[in-house]
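Written out below as structure tokens is the structure these notes cover.
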Amino acid sequence: MAISALHQNIAMFKTRLLKQSSMIKPTALKPNATIGIVSPSSWMNESDLKLAITVFEEKGYHLVLGESVFLKDHTFAGTPEQRANDINGMFANPNIDAIICARGGYGANRVLPLLDYNLIQANPKIFMGYSDITAFLTSITQKTGLITFHGPMITTFKKGMVNYNFDLMENILVGSESVTIQSPSGLPACILKPGKAKGPLWGGNMCLLVNRLGTPDQLNTAGAILFIEDIDEYLYSFDRMLVHMKKAGMFENIKGLIIGELVEMKDYDDPFG
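Residue numbers (the working numbering): 609 to 881.
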């Protein structure tokens, strides 16, 4: 379970190109809202989809499944054009109240140049996911000012803690004035440096954040609370990314750092350290 499963639910605020006062806050999720589902990276497993549909419908929400949810092009959920059209179409559809990604995986970077950012800016709505979806969250927020959400996807609900994940997600998306995030039972938080911090929340999948360094999409984390998550990485690779981020200045002048549970991390026979 990556940091997303602790629910980084966290609204992604833009800190690079836009002033905080120009941020666009999407309409809060209403009871019985219609939620569009897209799979803009890797293809979706049908059994995971059926489970999530049951979970959302039992909570009173209506799901509209995008074309990409049913497509498979090698490891991807359709071609870049098909996946981009699905996202653009969900934003353009006035009957869709929010958009949740089916899963992460790989392939977001191929889709980003094909998104209609003017359309997205003109039709702001909740957009949520994590892992590879970090690329969409950061790019959409930086290019449009729309606050996006790093939180549960369709595949999240196959991993257990359904009520914990759903309730925390819902509390954020409905616009609750105050939300206390408690670590789930059996996964206590480890506080390395106690204190209080206040600032815009930036972050996501570590690989995707490092991937943006040296590009127009590089994050300016000064004054922000930075959070990172990742999965299935070798320990040496994780260390290399940390050093890269430090040398790139991502940890300078941040207000706080949140590291999620790093899942399925690997090592060689000769331990890294």
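We put the beta carbon where it would ideally sit given N, CA and C, even for glycine.
Limits of the beta strand (DSSP E) - the one that residue i falls within
i	result
isoleucine 741	Per DSSP, isoleucine 741 belongs to no beta strand (DSSP E) and is neither H nor E.
leucine 865	864-867
Residues sharing a beta bridge with residue i, DSSP
i	result
glutamate 837	Asn813
isoleucine 645	Leu673 and Ile708
valine 818	According to DSSP, valine 818 bridges with nothing at all.
serine 650	Phe684
isoleucine 632	Leu754
valine 787	Paired residue(s): none; valine 787 is not in a bridge.
lysine 804	The partner list for lysine 804 (beta bridge, DSSP) is empty, contrary to what the question assumes.
lysine 874	Tyr842
Pairwise C-alpha distance: residue j and residue i
i	j	result
lysine 801	alanine 641	40 Å
glycine 737	tryptophan 810	14 Å
cysteine 709	threonine 788	24 Å
alanine 706	serine 739	19 Å
glycine 868	histidine 670	30 Å
glutamine 826	arginine 820	5 Å
serine 793	tyrosine 772	10 Å
isoleucine 741	glycine 881	31 Å
leucine 816	isoleucine 799	25 Å
isoleucine 734	alanine 700	13 Å
glutamine 729	leucine 776	26 Å
alanine 797	valine 871	15 Å
serine 650	glutamine 690	12 Å
proline 648	lysine 854	30 Å
glutamate 785	proline 732	20 Å
leucine 795	methionine 769	12 Å
lysine 633	glutamate 654	32 Å
alanine 685	asparagine 703	23 Å
tyrosine 876	valine 851	20 Å
aspartate 878	alanine 856	29 Å
phenylalanine 859	serine 630	25 Å
leucine 679	proline 824	31 Å
glutamine 790	phenylalanine 757	18 Å
glycine 674	isoleucine 643	10 Å
Residue range of the alpha helix (DSSP H) that includes residue i
i	result
glycine 697	688-700
leucine 850	843-855
serine 791	Here serine 791 belongs to no alpha helix (DSSP H), and DSSP marks it neither H nor E.
alanine 660	654-666
6 Å Cβ shell around residue i - same chain, five flanking residues per side excluded
i	result
methionine 814	Ile836, Asp838 and Met849
arginine 718	Pro688
alanine 636	Val782 and Gly783
tyrosine 725	Lys751 and Thr752
alanine 613	Note on alanine 613: pLDDT 36, under 50, position unreliable in the model; the coordinate value appears next. Cβ neighbours of alanine 613 beyond the five flanking positions: none.
leucine 865	Leu834
glycine 713	Ser649, Ser650 and Asp740
Own chain, CB closer than 7 Å to residue i, minus 5 neighbours either side, in chain order
i	result
lysine 863	Ala805, Lys806, Gly807, Gly831, Ala832 and Ile833
tyrosine 844	Phe880
leucine 723	Ala692, Ile695 and Asn696
lysine 667	Phe774
8 Å Cβ shell around residue i - same chain, five flanking residues per side excluded
i	result
aspartate 840	Val871, Glu872, Met873 and Lys874
threonine 683	Ser650, Trp651, Gly713, Tyr714 and Gly715
glutamate 778	Leu637 and Lys667
Chain B contact for residue i (CB, 8 Å cutoff)
i	result
proline 688	Any reference to chain B falls outside this structure, which holds one protein chain only.
**Message:** Please give the ranges of any alpha helix (DSSP H) in the stretch 719-772, keeping only runs that are unbroken, at least 4 residues long and fully inside the region.
**Reply:** 725-730 and 742-752
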